[in-house]
Amino acid sequence: MARSPQGLLMLLLLHYFVVALDYHKANGFSASKDHYQQVTVIEYQEAILACKTPKKTASSRLEWKKLGRGVSLVYYQQALQGDFKDRAEMIDFNIRIKNVTRKDAGKYRCEVSAPSEQGQNLQEDTVTLEVLVAPAVPSCEVPTSVMSGSVVELRCQEKDGNPAPEYTWFKDGTALLGSQKLGKRNSSYTMNTKSGTLQFNMISKMDSGEYYCEARNSVGSRRCPGKRMQVDLVNISGIIAAVVVVTFVISVCGLSICYAQRKGYFSKEASFQKGSPASKATTMSENDFKHTKSFII
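This is the structure:
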């Protein structure tokens, strides 16, 4: 009786499954599929990492590990290890962590092994611990004095918050309008609530005031101290007057030098140097030398 291609394929798959099962039995080892779960907790609260396995028996062996660049033991040989032994406890196969910190975030794996009829049975569970952190006081950059008509950017940044915070700028205690994506534009500024920048494309006198920034996420909010920004008007008439005065002073100095040269003040000074005592002393010395020479002859 001829078999269809589909029937032959099913027979091959069944044969492969039986061979694989016999292999595990022969080697006395079988493993269950991983279960994945996620636990989210606010920093400094408590969290329970559950290992979803059959009930604990006298022959069961349990290990908890934290995964990452390197694997670190959390629970081994029926004892909590490292920092966890002082602020965690075991409840059956589960770990109850007190006073969770941001350093505890990451992936954890529980491994339960126990003898069975088929040999050594190993079951694993993976738990991802996410720690939510309130923002710290953001760092704000606000210039104290700027000139009207210039481009000015105020910056706000915070690095500790999880999830990443959004930023709002305040002027004189009133929140400035903004958008979560591209920013909200009006006649004077552009604010980006994601990056924390507040940019004035052409700042004016009316933008003077006290500015501060607030960082906020689902856990909490913090703000930086307020800083005063003064916008000064450009004094065009004062600048022109200063240029005129400087030009006048330079012109007077130049005319004075020319006048002195025409009057010969610089040449008289040179002649004065020629008639100085040092010059006379030199002449007298030469005459004395000639007189002495003629006397000897």
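Numbering-wise, the sequence shown is residues -20 to -1, 1 to 277 according to mature numbering (1 follows the signal peptide of the UniProt record, and there is no 0).
Yeah, the Cβ is synthetic: ideal placement off N, Cα and C, and Gly gets one too.
Proximity of residue i and residue j at Cβ, strictly below 9 Å
i	j	result
E110	T20	yes
residue 284	K46	In this structure the chain extends from -20 to 277, so residue 284 is not present and cannot be described.
I75	Y55	yes
Y192	F180	no
I77	L112	no
Q61	L42	no
From the options, residue whose alpha carbon lies closest to that of residue i
i	options	result
V126	S52, M209, A68, F64	M209
D187	E23, D152, T173	D152
R135	K207, L60, R242	K207
T33	E104, I71, Q17, Q18	E104
F73	C238, S175, G62, Y88	Y88
G200	N142, W44, V51	N142
K185	C233, E26, S198, S128	S128
R196	L235, A144, V226, T227	A144
Expected contact under 8 Å - CB spacing of residue i and residue j to nearest Å
i	j	result
V92	S39	V92 to S39, Cβ: 11 Å. No contact.
E194	R203	4 Å
V80	Q17	Actually they are not in contact, since the Cβ atoms of V80 and Q17 sit about 16 Å apart, beyond 8 Å.
Q137	P118	6 Å
Rounded C-alpha distance that separates residue i from residue j
i	j	result
L53	E23	22 Å
S130	I183	6 Å
L156	T173	11 Å
P95	N101	6 Å
M70	G176	43 Å
R82	A68	15 Å
Q25	V51	25 Å
F150	E133	14 Å
residue 278	G234	It is not possible to answer for residue 278, since the shown part of the chain is limited to -20 through 277.
Cβ of residue i within 9 Å of any chain D Cβ
i	result
S119	No chain D is part of this structure, which consists of one protein chain only.
Entirely within the region 174 to 223 and at least 4 residues each: give me those alpha helix (DSSP H) ranges in chain order.
Here no run is fully enclosed.
Extract the residue ranges of the alpha helix (DSSP H) inside the region 115 to 159, only unbroken runs of 4 or more that lie entirely within it.
none
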